[in-house]
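Reviewing the structure listed below.
Residue numbers (the numbering used here), protein chains in the order written: chain A, 245 to 562; chain B, 245 to 562; chain C, 245 to 562.
Written out as structure tokens, the structure is:
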């Protein structure tokens, strides 16, 4: 694998998934492969799960880690042919090339502007890192996708599905802040690959980009959508069509025990962090059908499997 | 040991203390036990000695470290049954459970509010971590106790005592800021265990909680208290009874060479950081009887001994 | 080597340089020497290249790393005999002595005030660390020198020189911010040692301290200076004589392709970060004669060679 930015970068998804489960059974089975190798991590925003699970995955492979919070240092210029006499001290051309000298894989977490849709959906920051780095790039979340989260979600569904072709519902839920579409977009990509029946439910105006939602059933009635669901994945996102806008904070979309009762004893999923009693009720999160902690746990093994392939590739190149 | 939050968590204090001295003699004697294991560190406030000595202790045992500054990320909600539509993005239930997926021991540094005594003396934040984490909790200082500091202090007294039953004086000293009672509380617990004669001296109104001070002699005259002291432990704290208040900044309580001359050639101790010429004079800190740097050094071996027991326990559980 | 703060601390520069090239060929050849040993890193300001290359160097030697951003914690008092009742919580005497308990080598990055020339040119902060630490000090940049950068620059010139006695030009370039003289000072020291013909060019008023520039040719006409240059090292600095002042932002001093055409097919160097199209044109930075990424790469091996000597020394002391 050259870089990991989406499911489309993976030559053999089934193999990568099996490898993740193997690492879950035996996390230290390849603890020598990363010896003397370094994972660089660049964060443009705070992170808990992503930071910790990525460190854990790298340490399981014996790698060293060098981490950089961009906001603790100077600002980076991403535009070309600029006269840099403002507040940005270093150009991405140098930053990415220089960091590449010190690391074997470079993990980047960036975020959308939620203002400029065209630039966001070009995945501007991530693509600039890919352009100027000389080592494999590992996306820890970008302006449009959160592929490691989705791989962890995919593993969690695999572990918990009781039927060959489960019904999976991705439901919008209310939230006080403007959030990206990345988790929803990425989840759609992986559910398209999975052998599941995917329904997306949200208020009108919250349609995702058809690039991601085109193979799913869209159902504007949340109660109808939940019927017979085996998995309910809750997530807030801001509007794609009215880009970055909050169109609704309708509390009736909150996931409650009553709503979960409409499902086929459905499992509850969320990528975390989650706002209790805004997105989902305590009773659901604390109930026996909640998978949220296991989703977080699977982040480690999703990342470890991807890192292993990126390291193997790099090794072969040398 | 299940968790380490106070001396009362230790099954066999003498054994733990001997183990700490053994590690001081040979820090790398158990450098394989932590291989593939991870210490998580969560800080709610800045830290120098605690952060560095804990890292050093974990590295001496071969552990990896994942560190999180809560203030660099989002705020955590600690109250139950809250509608989380404010500025707190994640509940301690998820935060503690998720971090537990990535680490083998979770070290937490929290602080008192110094406003709400009831909540502080329940050790609210630390107890929430214990409640929701699935791995052993190591207190790096809490709202009421600083047990690793006190264990290091205990080691330092052991190393420097010339008599079987030394006189130890814990003295309040002036300070411009509102400070917790934690170091003083914790020191009392350990001196109660130690075979020493403990006197506490402070201006009226600075009485510690009787839970901690009950076995000590209270002497409001600092000069009298210092008489024949083998060890003088200086520390500022704010009032327990007039909770969180500064009642005095009386400079006459500063520890001077003249005051130390009243002692039995007593050693000077302080947990650091210390404000020179406010809490204690340069001449005392820089004099031959100052133990403050050795106290800091012993932090490493105190922590290493505790971590070793927490790891052994965890290992046995697996 | 006792400490590393300038070229003058190195007993045998040729040996240290050869050792750096050996590490570049085989970075993990001494990966056991640092086992169980710790590099402490203290930063008073943000850092990208220095932080990452130093970590990489230490990890190549098998060392653990403990890093401290001073600005994330409390402020340190550097003055002696002060009554510390202000905003500074810890004195350098304790800070340096305590950190020394936890690390085997202590790396410090400090900066000049650019206001008080006398104090800056005493290298006040660095010297206080040397005074109070009990372990070797490694300068990661100080108020007057950036010796690891200059060693990396020296390595880069060695690798790229085509003649025995190349012409090296250190040229001032415009910049919107007030910058230190450290890179220029330090480069002069190393070029004095190297077998090169050093010319310094800058607008009037930007003369460096004669302590550093005394063996160089000073040429106020940049075009004349560039003639037949084999290497052009660009850097902005603020005035030494009118201390910390910006006297000129003359754009005609920017390094352009036209100016580089005056050289002997000269290589372009800069320590980074660099402001594109302010200090130097895109065409030069992106051209085939730019060495800036290789300079950054050589930071790792410069530091690794120095750390190796500091570790060996420390080891011998034990």
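Even for Gly, the Cβ is constructed at its ideal location relative to N, Cα and C.
Bounds of the alpha helix (DSSP H) holding residue 376(B) are 368 to 376. For residue 511(B), the uninterrupted beta strand (DSSP E) segment begins and ends at 511 to 513.
DSSP assignment within the region 303 to 372 of chain B yields the following whole alpha helix (DSSP H) runs of 4 residues or more, N-terminal first: 336 to 346 and 361 to 365. Inclusion of residue 275(B) and residue 391(B) in the CB contact set at 7 Å is not warranted, their separation being larger than that value.
Residue 285(B) is bridged by DSSP to 311(B) and 351(B). Listed by position along chain B, the residues whose Cβ is nearer than 7 Å to that of residue 341(C) are 537.
In the displayed model, residue 277(B) falls within coil according to three-state DSSP, outside both helix and strand. Checking the DSSP bridge columns, you'll see residue 411(A) partnered with 441(A). About 4 Å separates the Cβ atoms of residue 348(B) and residue 281(B), confirming a contact at the 8 Å cut-off. Residue 520(A) has 524(A) as its beta-bridge partners, per DSSP.
Contact annotation: in the region 498 to 524 of chain B, residues whose CB is within less than 7 Å of a CB in chain C are 516, 517, 518, 519, 520, 521 and 522. Of the residues assessed, residue 367(C) falls on the buried side of the cut-off, its CB having 16 or more other CB atoms within 10 angstroms.
Annotated three-state conformation of residue 461(A) is strand, per DSSP.
With its beta carbon at least 7 Å from every one in chain C, residue 279(B) lies outside the interface. Taking one beta carbon from each stretch, the region 459 to 469 of chain A and the region 517 to 531 of chain A have fewer than 3 pairs nearer than 8 Å; the two do not touch.
At the C-beta level, residue 340(B) and residue 365(B) stay beyond 7 Å of one another.
For the 7 Å CB-CB criterion, residue 479(C) and residue 427(C) form a contact. Around residue 471(B), the same chain offers 506 as residues with beta carbons nearer than 7 Å, after the five sequence neighbours per side are excluded. Between residue 317(A) and chain C, the shortest Cβ-Cβ separation is below 7 Å. Between residue 541(B) and chain C, the shortest Cβ-Cβ separation is below 7 Å.
In the three-state DSSP reduction, residue 388(A) falls in the coil class, being neither helix nor strand. For residue 300(C), the nearest CB of chain A lies under 7 Å from its own CB, placing it at the interface with that chain. Within the same chain, 321 come within 6 Å of residue 335(A) by CB-CB distance, once the 5 residues on both sides are set aside. When C-beta distances to chain C are compared with 9 Å, the residues of the region 251 to 278 of chain B below that value are 271, 272 and 275, in chain order.
Bounds of the alpha helix (DSSP H) holding residue 257(B) are 257 to 269. Taking the Cα of residue 548(C) as reference, the smallest distance to any Cα among 373(C), 395(C), 387(C) and 481(C) is reached at 395(C). For residue 479(B), DSSP records a beta bridge to 416(B). Just so you know, the alpha carbons of residue 491(A) and residue 446(A) end up roughly 11 Å apart. Note: residue 382(C) is bridge-paired with 248(C) and 351(C) in the DSSP secondary-structure output.
When secondary structure is reduced to three states using DSSP, residue 499(C) falls in the strand class. When secondary structure is reduced to three states using DSSP, residue 492(A) falls in the coil class, being assigned neither helix nor strand. Bounds of the alpha helix (DSSP H) holding residue 470(A) are 466 to 470.
With 16 or more other Cβ atoms inside 10 Å of its own Cβ, residue 450(A) counts as buried.
Per DSSP, reduced to three states, the secondary structure at residue 291(B) is coil, with no helix or strand assignment. Each residue's CA atom was taken as its position, placing residue 499(A) and residue 515(A) some 14 Å apart.
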